[in-house]
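A short worksheet on the structure shown next.
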Amino acid sequence: MDPEILRPIAHRTVAQQETLTLIRARDVLVRLRTGAVKSVRGVAKPCRYRLPASSTLCFAKRCLAVLPPGLAEALTPLLHQIADMTVKIKQYDEWPPDPSNIFWFDNVKFQNGLLFLP
Numbered sequence: 001m002d003p004e005i006l007r008p009i010a011h012r013t014v015a016q017q018e019t020l021t022l023i024r025a026r027d028v029l030v031r032l033r034t035g036a037v038k039s040v041r042g043v044a045k046p047c048r049y050r051l052p053a054s055s056t057l058c059f060a061k062r063c064l065a066v067l068p069p070g071l072a073e074a075l076t077p078l079l080h081q082i083a084d085m086t087v088k089i090k091q092y093d094e095w096p097p098d099p100s101n102i103f104w105f106d107n108v109k110f111q112n113g114l115l116f117l118p
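Using my numbering, the letters of the sequence shown correspond one by one to residues 1 to 118.
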């Protein structure tokens, strides 16, 4: 293979890798919270109880307020975990990025903990 046709590889800096790790960690937490919310809804449904529509920001609080005692007892630990995950996701959102850590990777711009697709 001709070395002249190969581009040099530019590795990410440590700061860029740390930023990407934070983005991925937040993404994992959001997925876990989504799965937990779906599980709570799925457990309540066979008991012929439908939970009210709400955003994930206030889902745990609303559910605790409207669940019947039997379901509330069973689902309270899971609802507390959902509330804790929501707090941790907010902490990721408030993370102050370093402007020098803005970078492009495979045509995706990473900035402020958000992904911007071109």
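By construction, the Cβ of each residue, glycine as well, lies at the ideal position given by its N, Cα and C atoms.
Tell me the DSSP secondary structure of V43 in three-state form. By one-based count along the sequence shown, residue 43 stands at place 43. Looking at V43 - three-state DSSP - the assignment turns out to be helix.
Got a sec? Which residues, its chain only, sit under 7 Å from G113 by beta carbon, not counting five neighbours each side? Your numbering for residue 113 matches position 113 in the sequence shown. With a pLDDT of 48 at G113, under the threshold of 50, the modelled position of this residue cannot be trusted; read the value that follows with caution. Taking C-beta separations shorter than 7 Å and ignoring five residues to either side along the sequence, the partners of G113 in its chain run L22, I23, R26, Y92, D93, W95, P97, following chain order.
For a test of the three-state rule: what should DSSP assign to Y92, helix, strand or coil? Here residue 92 is taken as the residue at index 92 of the sequence shown, counted from 1. Three-state result, Y92: helix.
My understanding is that V28 touches I89, with C-beta atoms under 8 Å, so please give their C-beta distance in whole angstroms. Walking along the sequence shown from the start, residue 28 turns up at place 28. Walking along the sequence shown from the start, residue 89 turns up at place 89. Incorrect: roughly 10 Å between the Cβ atoms, too far for contact.
Per-residue DSSP class, three states only, for L121: Absent from the model: residue 121. The displayed extent of the chain is 1 to 118, so no value can be given.
Integer Cβ distance of V37 from L75, believed to fall under 8 Å: Along the sequence shown, one-based indexing puts residue 37 at 37. Along the sequence shown, one-based indexing puts residue 75 at 75. Contact doesn't hold; Cβ gap of about 11 Å is too wide.
Is the Cβ of S39 closer than 8 Å to any Cβ of chain D? Protein chain content of the structure displayed is limited to a single chain, and chain D is not contained in it.
Hey, how far is the Cα of K46 from the Cα of P68? In the sequence shown, residue 46 corresponds to position 46, counting from 1. In the sequence shown, residue 68 corresponds to position 68, counting from 1. Here the sequence assigns Pro to residue 46, which means Lys is not the residue at that position. Going from the Cα of P46 to the Cα of P68 covers about 14 Å.
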